[in-house]
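S.K.: A single structure is presented below for examination.
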Amino acid sequence: MASNTQGKPRVPSSIANGKFEIGKKLGAGCFGEVFRAVISDSKTEIAVKFEDISNNAPQLEHEAAMLNLLRNPIQPQGFAEFYHFGKEGGFHVLAMEYLGKSLEDRVQECSGKFTPKTACLVASQ
Numbered sequence: 001m002a003s004n005t006q007g008k009p010r011v012p013s014s015i016a017n018g019k020f021e022i023g024k025k026l027g028a029g030c031f032g033e034v035f036r037a038v039i040s041d042s043k044t045e046i047a048v049k050f051e052d053i054s055n056n057a058p059q060l061e062h063e064a065a066m067l068n069l070l071r072n073p074i075q076p077q078g079f080a081e082f083y084h085f086g087k088e089g090g091f092h093v094l095a096m097e098y099l100g101k102s103l104e105d106r107v108q109e110c111s112g113k114f115t116p117k118t119a120c121l122v123a124s125q
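Those letters in the sequence shown? Residues 1 to 125, by UniProt numbering.
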């Protein structure tokens, strides 16, 4: 497994035996990083979260379990579709539906201010 200059494992170019191809980094949070990816055979865009296995408070396994439980609701519930959870190199990985830009990205696009209409649309979600 390759490492970067800080000794952290390097994110692989694909996961799940090549089923998902990893693309550009979308962002990072307190427990990991999120990358845009595609499902190799269909080219469907997805998001893949990477969490260092050595994290003292692992989150992805719990998130994956919740998404898996919500997989087949009787009525649509508005949760991201779950594709895969596993270990890849030094990471826990969670492959899930890519939902688009973050709320933070949308706020920045509007110079930090939503119109009343946009604010209502966001609040209704």
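The beta carbon of each residue, even a glycine, is placed where N, CA and C say it ideally should be.
Should Met96 be labelled buried (16 or more other beta-carbon atoms within 10 Å of its own) or exposed?
M.R.: buried
S.K.: For a quick check, are the C-beta atoms of Ser13 and Ser40 less than 9 Å apart?
M.R.: The answer is no: Cβ separation not under 9 Å.
S.K.: Please name the residue or residues paired with Arg36 in a DSSP beta bridge.
M.R.: BP columns for Arg36 point to Ala47.
S.K.: Where does the unbroken alpha helix (DSSP H) through Lys117 begin, and where does it stop?
M.R.: 116-124
S.K.: Using the Cα positions of Glu61 and Gln108, report the straight-line distance between them to the nearest angstrom.
M.R.: Taking C-alpha positions only, Glu61 is separated from Gln108 by approximately 31 Å.
S.K.: I believe Lys24 touches Val93 by the beta-carbon criterion, under 8 Å. Please report the beta-carbon distance rounded to the nearest angstrom.
M.R.: Actually they do not touch by this definition, with Cβ atoms about 16 Å apart.
S.K.: How long is the line joining the alpha carbons of Val11 and Leu67, rounded to whole angstroms?
M.R.: Cα to Cα, Val11 sits roughly 23 Å from Leu67.
S.K.: Considering only the alpha carbon of each residue, which of Glu51, Gly29, Ile46 lies closest to Gly90?
M.R.: For Gly90, the closest C-alpha among the options Glu51, Gly29, Ile46 is that of Glu51.
S.K.: What's the C-alpha gap between Asn55 and Phe31?
M.R.: 7 Å
S.K.: Please list the terminal residues of the continuous alpha helix (DSSP H) segment that includes Val107.
M.R.: First-last of the alpha helix (DSSP H) with Val107: 103-109.
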